[in-house]
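In what follows, a structure is listed as structure tokens, so that the remarks can point back to it.
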Amino acid sequence: MAFGWGIISTGLHPENKIAPAINAAEGAELVAVYSRDQGRAEAFAQRHGASAAYSSLDSLLNDSRVDGVFISSPNSLHAGQAVQAARAGKHVLSEKPMTTTLRDALDMVRACRDRGVKLGVGFELRHNPGHILARDLVRDGSLGRITLAQGQWGFGARGQEVFPPREGLRQWWDDPDAMGGASTMMGTGVHVMDLLRFVMGEEIVEVAAITDGQTEARPLEQIAVLSLRFGSGALGTLVCGRLLPDTRNDLAIYGINGRFTSRETVWEARKGDIEIISDTVNRKESYPEDYLANFVAQTEDFQQAVSEDREPAATGVDGLRVVEVTLAAIESARTGRTVKINPARI
418 MAFGWGIIST GLHPENKIAP AINAAEGAEL VAVYSRDQGR AEAFAQRHGA SAAYSSLDSL
478 LNDSRVDGVF ISSPNSLHAG QAVQAARAGK HVLSEKPMTT TLRDALDMVR ACRDRGVKLG
538 VGFELRHNPG HILARDLVRD GSLGRITLAQ GQWGFGARGQ EVFPPREGLR QWWDDPDAMG
598 GASTMMGTGV HVMDLLRFVM GEEIVEVAAI TDGQTEARPL EQIAVLSLRF GSGALGTLVC
658 GRLLPDTRND LAIYGINGRF TSRETVWEAR KGDIEIISDT VNRKESYPED YLANFVAQTE
718 DFQQAVSEDR EPAATGVDGL RVVEVTLAAI ESARTGRTVK INPARI
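If you're matching positions, the sequence shown starts at 418 in the numbering used here and goes up one per residue.
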């Protein structure tokens with residue numbers, strides 16, 4: 418039988434990516450959608466072929482055809498909705514960032530664990546085959562001891578001094594509380610944090626962040642540069658921003674015996690070129706652009722995780738660890754100090 422999906426919130430992300438990916442995924446069915454506005458829910462359901470439209474979250478969660486939900490509401494609402502879904506016995510795939518506070522992240526992980534439902538996070542960059550290859554190279558030692566990992570995801574428009582949120586995002590993307598105290602770090606930075614963790618196979622234990630925000634006059638940043646230290650001692654850099662026209666969003670992993678570099682793979686659409694130069698592996702590959710491929714793979718992986726009773730590609734614990742890194746980066750940017758990260762016990 419098909420896996421029945423419910424979508425919580427009808428913003429641009431589910432409109433352009435999540436609903437189309439569910440409709441394209443094997444073994445998936447878009448059953449229901451929730452919006453606080455019934456008319457908006459009905460219009461979304463009609464556009465994407467959902468069977469039901471609700472303006473009550475309880476009603477969606479009481480729909481027996483819904484096996485799992487994708488949460489794409491404002492950041493600060495994820496935890497409460499996820500806990501509510503878990504209590505209703507629904508599996509949860511949450512848009513990033515998973516939460517805006519450590520307490521909320523712990524509540525989400527514990528609620529889903531205690532209710533026996535799966536919890537995943539929408540880190541679709543894990544499904545780019547180039548990034549999977551980079552992880553495998555690090556894991557099998559083909560690059561030797563890793564010394565530096567670098568990632569960037571930014572964008573912008575020439576001549577644009579201020580990022581204008583798209584229609585429908587403006588209200589909460591300008592709200593520090595709804596965003597969680599950061600802007601571009603929450604928008605694309607968390608993706609790069611998770612990607613570096615994924616490829617390196619280890620945690621970030623220390624962060625120093627410089628941004629153009631995190632001040633009383635400007636609480637939300639538009640560009641950020643982070644220096645990282647991993648548990649092994651390897652160093653990292655992360656750049657994210659909305660004032661970077663003509664940017665290249667790349668990944669680079671340097672080891673004692675070689676390097677992996679990619680061009681334009683750090684983007685929601687699957688695309689880009691990779692190159693490996695090492696003592697044992699020398700290889701180039703290109704991936705044609707496919708806007709939905711990473712999201713389709715993410716959907717199918719989560720469904721398989723449920724059916725096989727395993728963890729999805731990006732787990733709730735992955736989401737929790739990225740929350741910890743993000744909060745440390747915000748603290749560092751505010752204080753001008755390097756922050757060490759002590760992982761919370763679950």
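Just so you know, even glycine gets a beta-carbon here, dropped at the ideal spot from N, CA and C. Being a predicted model, the structure only gives us computed values, none of them experimental.
(1) For Val509 versus Leu542, is the C-beta spacing smaller than 7 Å?
(2) Could you tell me the distance, in whole angstroms, from the CA atom of Ala731 to the CA atom of Gly658?
(3) Taking C-beta to C-beta, are Leu785 and Leu565 nearer than 7 Å?
(4) Assuming Arg680 contacts Ile694 (C-beta within less than 8 Å), just tell me the rounded distance between them.
(5) Along the chain, where does the beta strand (DSSP E) containing Thr654 start, and where does it finish?
(6) Which partner residues does Ser644 have in the DSSP bridge list?
(7) Decide if Ala574 is buried, meaning its Cβ has at least 16 other Cβ atoms within 10 Å, or exposed.
(8) Quick check for students: name the residue ranges of the beta strand (DSSP E) that lie wholly in the stretch 555-620, counting only runs of 3 or more.
(9) Tell me the DSSP secondary structure of Asp484 in three-state form.
(10) Please report the residue range of the alpha helix (DSSP H) in which Val739 lies.
(11) To the nearest angstrom, how far is the alpha carbon of His548 from that of Ala503?
(12) Beta-carbon separation of Asn711 and His465 under 7 Å?
(13) So, using beta-carbon positions, are His430 and Ser489 closer together than 7 Å?
(14) Using the Cβ count rule (16 or more neighbours within 10 Å means buried), how would you classify Asn479?
(15) Could you spell out where the alpha helix (DSSP H) holding Asp524 opens and where it closes?
(16) How far does the beta strand (DSSP E) with Pro437 in it extend, from its first residue to its last?
(17) Buried or exposed for Glu633, please, with buried defined as at least 16 other CB atoms from any protein chain shown within 10 angstroms of its CB.
(18) Would the stretch 749-763 and the stretch 471-487 be scored as touching if the rule is three or more Cβ pairs under 8 Å?
(19) Do you know offhand how far Asp629's Cα is from Phe580's?
(20) Just to confirm the assignment, what range does the alpha helix (DSSP H) spanning Gly497 have?
(21) From this set, Val723, Ala505, Ala441, Tyr471, which residue's C-alpha is nearest Gln455's C-alpha?
(22) Could you tell me the distance, in whole angstroms, from the CA atom of Val622 to the CA atom of Leu661?
(23) DSSP state of Thr755, grouped into three classes?
(24) Can you have a look at Arg562 and say buried or exposed, based on whether 16 or more other CB atoms are within 10 angstroms of its CB?
Quick answer:
(1) no
(2) 23 Å
(3) Here the chain covers residues 418 to 763 and nothing more, so residue 785 does not appear.
(4) That belief does not hold up - the Cβ atoms of Arg680 and Ile694 are roughly 14 Å apart, past 8 Å.
(5) 652-658
(6) Ala625, Thr654
(7) exposed
(8) 563-571
(9) coil
(10) 733-752
(11) 31 Å
(12) no
(13) yes
(14) exposed
(15) 519-532
(16) Counting along the chain, Pro437 falls outside any beta strand (DSSP E), though it belongs to the alpha helix (DSSP H) covering 436-441.
(17) exposed
(18) no
(19) 13 Å
(20) 495-504
(21) Tyr471
(22) 28 Å
(23) coil
(24) exposed
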